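J.: Residues in the sequence shown are numbered from 1 upward in steps of one, following the UniProt record's numbering.
Take a look at the following structure, please.
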Amino acid sequence: MQDAAMRQQCVASTSGSGCSRAWRPCRASRRHLVPTRAVLDFNMWQTGDLPAGYKPPTVVPGARTLATPRLDKERVFQRLLDSPHPLSARHHAAFYSSVLGGITTEPGLMVLHAEDRMAHAGHAVYDVVPLVRGHLYQLDRHLARALAAAEEAGVAVAPSGDALKRILLDTAAASRKLNGHVLFWLSAGAGGFGPGSADLVEPSLFALVTTEFAEPGDFDRTKGWRARASPVEPPPEYFATFKNASGLVGAVAQLEAEANDCDVALFVDAEDRVLSGTTANLAVITPDHTFVYAPFERAPPGITVQTIAELIPQAMLIGSTRGVVGLTSLDGAPIGEGDGPGYMTLALQQVLTNHRDELDLQSGRHVRVPYGGLTGMPSQLV
């Protein structure tokens with residue numbers, strides 16, 4: 001009856017104003033519903049009955065909010081299983097965690113604790129190893145670079161040496177993927193939220209096999225990328241020389257480039273010298289066919305760009321995930337002819353592809369992944 005009277009009052013008050021909005025009760029008249037909704041929603045997550053006559057307190061005065069669920073461990077587990085976004089569910093095939101002490105192939109369980117220094121402080125280093133035709137490409141070189149970076153970052157490594165290598169190979173095998181990439185992180189490990197090392201327990205190792213960077217059908221190398229000299233200050237020299245997990249500077253630079261209709265950001269120092277891309281090294285082929293790449297004083301020592309330099313006696317970005325990608329412009333100014341990457345850029349990508357795809361077990365360039373019978377290693381399930 002009260003709502004009907006209010007409806008008539010609202011219609012009468014707007015009948016001469018030309019207002020055609022549908023009627024609904026005013027905000028004040030609905031406030032009495034909030035406690036009931038809060039009780040119902042809160043009750044959904046309770047394991048027992050609410051006390052008789054229970055009325056939840058007003059947590060945020062004047063606002064319509066719902067009680068935050070407190071989940072039991074069974075529901076946490078189920079929600080983790082159901083949580084992966086489509087990209088993760090499609091591409092992330094296997095994950096090793098030293099905290100778990102093993103490998104999982106459930107994307108929703110590929111997580112790390114908030115108190116891990118990698119999560120809240122970025123105190124970790126990482127590397128990326130290509131998985132090519134069932135073999136890890138240049139595994140030993142990537143391991144050596146990661147271990148050197150860990151030393152620079154003050155990150156202890158456990159396990160190391162052959163045990164670390166075996167974990168990466170087993171994780172690749174558990175993925176049942178023949179092509180993709182193995183990303184791995186060496187973290188200072190779990191501890192307090194301060195920067196010191198006194199409360200650290202032990203270092204952490206995480207490894208993920210993904211097909212996310214496998215070249216999609218819509219990635220056309222003949223178009224190249226539009227580059228932008230980033231106004232974002234590059235990482236300090238000490239931290240720029242190794243791959244660390246604190247990628248905030250690169251992320252902000254890339255977002256700024258995309259906001260200006262460019263594909264990739266380039267870091268530039270105070271003297272306007274181009275240093276590198278956010279995750280790739282920069283190289284140039286001069287008019288006299290000299291291959292030149294930016295020095296490693298302000299960028300990580302790129303394994304792929306060094307490989308290119310070794311394989312060959314235009315401007316491009318070179319990295320482990322995308323290989324060689326030509327740049328067609330810088331801040332809107334065309335590079336070269338400006339109508340696409342030069343033929344030598346495309347040829348260099350083919351040289352790199354051949355070097356990756358032609359298996360060479362004798363030299364150690366490729367290391368065979370121990371798939372067994374593609375059975376997911378049942379003998380190792382615990």
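The beta-carbon is built from N, C-alpha and C at its ideal position, and this holds for glycine as well.
Only a predicted model underlies this, so the values are computations on that prediction, with no experimental measurement involved.
My parser needs the beta strand (DSSP E) runs of 3 or more residues fully inside the region 150-204; what are they?
T.: Listed in chain order, the complete beta strand (DSSP E) runs (minimum 3 residues) inside the region 150-204 are 180-187.
J.: If contacts are defined as beta-carbon pairs under 8 Å, then N281 and A299 qualify, I think. What distance do you get, rounded to the angstrom?
T.: Locating residue 281 in the sequence shown gives position 281, counting from the first residue. Locating residue 299 in the sequence shown gives position 299, counting from the first residue. Right, the Cβ-Cβ distance comes to about 6 Å (below 8 Å), so this counts as a contact.
J.: Quick one: Cα of R27 to Cα of P61, how far?
T.: To locate residue 27, count along the sequence shown from 1; it is residue 27. To locate residue 61, count along the sequence shown from 1; it is residue 61. With a pLDDT of 47 at R27, under the threshold of 50, the modelled position of that residue is not reliable, and the figure given next carries that caveat. In a straight line, the C-alpha of R27 is about 14 Å away from that of P61.
J.: Quick one, are the C-beta atoms of A94 and A174 less than 9 Å apart?
T.: As a first step, residue 94 is located in the sequence shown; it is residue number 94 there, counting from the start. As a first step, residue 174 is located in the sequence shown; it is residue number 174 there, counting from the start. Cβ atoms of A94 and A174: closer than 9 Å.
J.: Considering P130, what are the terminal residues of the beta strand (DSSP E) in which it resides?
T.: Locating residue 130 in the sequence shown gives position 130, counting from the first residue. That run of the beta strand (DSSP E) goes A124 to V132.
J.: Any chance you could list the beta strand (DSSP E) runs of at least 3 consecutive residues sitting entirely within the region 215-270, in chain order?
T.: Correct list: 225-229 and 264-268.
J.: If I measure Cβ to Cβ from Y371 and keep anything under 7 Å in the same chain, skipping five residues before and after, which residues do I get?
T.: Here residue 371 refers to the residue found at position 371 when the sequence shown is read from its first residue. Excluding residues within five positions, the ones whose Cβ falls inside 7 Å are G134 and A173.
J.: In three-state terms, what does DSSP make of V351?
T.: Working through the sequence shown from its first residue, we reach residue 351 at position 351. DSSP places V351 in helix when its eight states are reduced to three.
J.: Assuming contact is defined by CB atoms lying nearer than 9 Å, are G136 and V367 in contact in what I supplied?
T.: If you number the sequence shown from 1, residue 136 lands on position 136. If you number the sequence shown from 1, residue 367 lands on position 367. According to the sequence provided, residue 136 is Leu. The question's Gly does not apply to it. Yes. Within cutoff.
J.: State the DSSP-derived secondary structure class of L282, mapped to helix, strand or coil.
T.: The residue given as residue 282 occupies position 282 in the sequence shown. Three-state result, L282: strand.
J.: Since L183 and A207 should fall inside the 8 Å C-beta cutoff, what is the C-beta to C-beta distance between them, to a whole number of angstroms?
T.: Stepping through the sequence shown from its first residue, residue 183 is reached at position 183. Stepping through the sequence shown from its first residue, residue 207 is reached at position 207. So it is a contact: roughly 7 Å between Cβ atoms.
J.: Within the same chain, show all residues whose beta-carbon is closer than 7 Å to that of D116, passing over the 5 residues directly before and after it, in chain order.
T.: For this step, residue 116 is matched to residue 116 along the sequence shown. Taken in chain order, the residues that qualify are S187, G189, A190 and S204.
J.: Quickly, what does DSSP pair H135 with across the bridge? List them, please.
T.: For the purposes of this step, residue 135 is identified with residue 135 of the sequence shown, where counting begins at 1. V132 and R368.
J.: Where DSSP assigns a beta bridge to A94, which residues make up the other side?
T.: By one-based count along the sequence shown, residue 94 stands at place 94. Paired residues: V209.
J.: Buried or exposed: S98, going by 16 or more other Cβ atoms within 10 Å of its Cβ?
T.: Along the sequence shown, one-based indexing puts residue 98 at 98. Under this definition S98 is a buried residue.
J.: Does V274 come out as helix, strand or coil in the three-state DSSP assignment?
T.: Here residue 274 refers to the residue found at position 274 of the sequence shown. Strand at V274.
J.: Does the Cβ-Cβ distance between D127 and L143 come in under 9 Å?
T.: Position 127 of the sequence shown holds residue 127. Position 143 of the sequence shown holds residue 143. Yes.
J.: What did DSSP end up calling T104 once you bin it into helix, strand or coil?
T.: In the sequence shown, counting from the first residue as 1, residue 104 sits at position 104. The answer is strand: DSSP assigns T104 an E or B state.
J.: Confirm, please, whether the CB-CB distance from T210 to H92 is below 9 Å.
T.: Taking the sequence shown and counting its residues from 1, the one referred to as residue 92 is at position 92. Taking the sequence shown and counting its residues from 1, the one referred to as residue 210 is at position 210. Their beta carbons are under 9 Å apart, which means H92 touches T210 by this criterion.
J.: Tell me which residue opens and which closes the beta strand (DSSP E) that V292 is part of.
T.: The residue you call residue 292 lines up with position 292 of the sequence shown. Start and end: F291 to Y293.
J.: Distance, Cα to Cα, W225 vs L346?
T.: Sequence index remark: in the sequence shown, residue 225 carries index 225 (1-based). Sequence index remark: in the sequence shown, residue 346 carries index 346 (1-based). Approximately 13 Å, taken between the alpha carbons.
J.: Give me whichever residues DSSP pairs with V305 in a beta bridge.
T.: By 1-based counting over the sequence shown, the position of residue 305 is 305. V305 pairs with nothing; no bridge assigned.
J.: Alpha carbon to alpha carbon, how far is T278 from F291?
T.: Taking the first residue of the sequence shown as 1, we reach residue 278 at position 278. Taking the first residue of the sequence shown as 1, we reach residue 291 at position 291. Roughly 21 Å between the two C-alpha positions.
J.: Need the endpoints of the alpha helix (DSSP H) that R79 sits in, please.
T.: The residue you call residue 79 lines up with position 79 of the sequence shown. Counting along the chain, the alpha helix (DSSP H) containing R79 begins and ends at K73 to D82.
J.: Quick check on P234: buried or exposed, where buried means 16 or more other Cβ atoms within 10 Å of its Cβ?
T.: To locate residue 234, count along the sequence shown from 1; it is residue 234. Buried, because 16 or more other Cβ atoms sit within 10 Å of the Cβ of P234.
J.: So for A333, helix, strand or coil by DSSP?
T.: Locating residue 333 in the sequence shown gives position 333, where the first residue counts as 1. Residue state, collapsed to three classes: strand.
J.: Report the residue from L327, T353 and I303 whose alpha carbon sits nearest the alpha carbon of L139.
T.: Residue numbering aside, residue 139 sits at position 139 when the sequence shown is read from its first letter. When each option's Cα is compared against that of L139, the closest is I303.
J.: Taking 7 Å as the limit between beta carbons, can you name the residues of its chain near P107, skipping five residues before and five after?
T.: As a position in the sequence shown, residue 107 is number 107, starting the count at 1. Only P84, S88, A89 and H92 meet the Cβ criterion.
J.: Does the Cβ of P236 have 16 or more other Cβ atoms within 10 Å, making it buried, or fewer, making it exposed?
T.: Mapped onto the sequence shown, residue 236 falls at position 236. The residue in question, P236, is exposed, as its Cβ has fewer than 16 Cβ neighbours within 10 Å.
J.: Rounding to the nearest angstrom, what Cα-Cα distance links I285 and L327 in this structure?
T.: Sequence index remark: in the sequence shown, residue 285 carries index 285 (1-based). Sequence index remark: in the sequence shown, residue 327 carries index 327 (1-based). Answer to the nearest angstrom: the Cα atoms are 12 Å apart.
J.: Helix, strand or coil: how does DSSP classify L361 here?
T.: One-based indexing of the sequence shown puts residue 361 at position 361. DSSP places L361 in coil when its eight states are reduced to three.
J.: Can you tell me which of P301, V132, L147 and K55 puts its alpha carbon nearest to the alpha carbon of A124?
T.: Here residue 124 refers to the residue found at position 124 of the sequence shown. Residue L147 is the option with its Cα nearest to A124.
J.: From S230 to R166, what distance separates their C-alpha atoms?
T.: Your numbering for residue 230 matches position 230 in the sequence shown. Your numbering for residue 166 matches position 166 in the sequence shown. About 40 Å.
J.: Would F267 pass as a contact of A253 if the rule is Cβ separation under 9 Å?
T.: Taking the first residue of the sequence shown as 1, we reach residue 267 at position 267. Taking the first residue of the sequence shown as 1, we reach residue 253 at position 253. Yes, Cβ-Cβ distance for F267 and A253 is below 9 Å.
J.: Since residue 403 contacts M118 with CB under 8 Å, what's their CB separation in whole angstroms?
T.: Only positions 1 to 382 of the chain appear in the structure, and residue 403 is not among them; the question remains open.
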